[in-house]
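Residue numbers (this note's numbering): 238 to 368.
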């Protein structure tokens, strides 16, 4: 039974990692698309402010959803890994898992969140700058 629980936790961690990857890639792609489209619209000479604002709203929504998804993913991963560590301790194999990895995972999530925020802010601000 313990093998099934172990495999289930590992499956959940894999699913969580895949979901996080989707959030990250989607947010970054939307951010760069918004940057490109709004920059093109800003340089077209016409009054495209409404369209540009629509893309800004899209970027905000996607970034907020991605950030919430990553925060929830980090929380879920933390709980799953703590469960694995407890299981490893119960079975006398905890010495093979370095618990300091939890700190590294948290840092990695924070870096992902930062990348999404920075690319999002740049994609929204740069096209509106009058250079």
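All C-beta atoms, glycine included, are put in the ideal place defined by N, C-alpha and C.
Residue from the options with nearest C-alpha to residue i
{"i": "residue 306", "options": "346, 239, 244, 246", "result": "346"}
{"i": "residue 268", "options": "296, 342, 286, 288", "result": "296"}
{"i": "residue 221", "options": "330, 328, 311", "result": "Past the boundaries of the shown model lies residue 221; the chain is included only from 238 to 368, so the question cannot be answered."}
{"i": "residue 366", "options": "262, 249, 286", "result": "286"}
{"i": "residue 301", "options": "249, 260, 333", "result": "260"}
{"i": "residue 333", "options": "325, 340, 288", "result": "325"}
{"i": "residue 257", "options": "242, 331, 328, 309", "result": "309"}
{"i": "residue 339", "options": "250, 331, 319, 270", "result": "319"}
{"i": "residue 357", "options": "243, 265, 282", "result": "265"}
{"i": "residue 262", "options": "330, 299, 250", "result": "299"}
Neighbourhood of residue i by C-beta, 6 Å cutoff - its chain only, sequence neighbours within 5 removed
{"i": "residue 321", "result": "246"}
{"i": "residue 253", "result": "310, 313, 314"}
{"i": "residue 271", "result": "292, 296, 360"}
{"i": "residue 250", "result": "317"}
Contacts around residue i, its chain only, beta-carbon distance under 7 Å, and the 5 residues preceding and following it disregarded
{"i": "residue 304", "result": "350, 353"}
{"i": "residue 288", "result": "278"}
CB contact check: residue i to chain C, cutoff 9 Å
{"i": "residue 281", "result": "Judged by its chain identifiers, the structure shown contains no chain C, having just a single protein chain."}
Chain-order list of residues whose beta-carbon lies under 8 Å from that of residue i (same chain, five-residue window excluded)
{"i": "residue 336", "result": "322"}
{"i": "residue 328", "result": "239"}
{"i": "residue 243", "result": "321, 324"}
Cβ contact (3+ pairs, closer than 8 Å) linking the segment 260 to 279 and the segment 287 to 306: yes
Within the chosen definition, does the segment 356 to 365 reach the segment 311 to 318 through at least 3 CB pairs nearer than 8 Å? A contact is defined here as three or more CB-CB pairs under 8 Å, and the segment 356 to 365 fails this definition with respect to the segment 311 to 318.
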